[in-house]
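Here is the structure we will look at.
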Amino acid sequence: MIPKTVSQHIEEEFRKSPEFRKAYDEEVTRLQIGYKIAQLRQMRHLSQAELAKKVNTSQQTISRLEDLRNARINLKTLARLAAALRARLSIDFVPRELSV
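Counted the way the working numbering counts, the sequence shown spans residues 24 to 123.
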């Protein structure tokens, strides 16, 4: 039997396990949010400390928000970050494919 690649294993679990799909989707969303915060902060030429000052929080909090694996974020915080980064907050719902 040919060993599966990581991608193949993920695809298989995604197809057969609703719990896996839920956990996977949540993790992807967290990673995307953190990445977008860091990307926009860097585009605005701000350090984590400078952004923290603009949203009245600590540099450590900004670091945790950019690495959302261990942090929760709420809509109010996202709105404050968007304002500090001179960005418009946009939340989108993307339908899943029916075959999944």
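C-beta atoms are modelled at their ideal positions from N, C-alpha and C, and glycine is treated no differently.
Residue i - DSSP class collapsed to helix/strand/coil
i	result
residue 32	helix
residue 64	helix
CA-to-CA distance, residue j to residue i, given in whole angstroms
i	j	result
residue 68	residue 46	33 Å
residue 72	residue 85	8 Å
residue 62	residue 89	9 Å
residue 99	residue 52	17 Å
residue 31	residue 59	27 Å
residue 95	residue 82	16 Å
residue 34	residue 117	19 Å
Residue range of the alpha helix (DSSP H) that includes residue i
i	result
residue 105	98-107
residue 91	Neither: residue 91 is in no alpha helix (DSSP H) and is coded neither H nor E.
residue 73	71-77
Anticipated Cβ contact below 8 Å, residue i with residue j, distance rounded
i	j	result
residue 54	residue 78	So it is not a contact: roughly 21 Å between Cβ atoms.
residue 74	residue 107	6 Å
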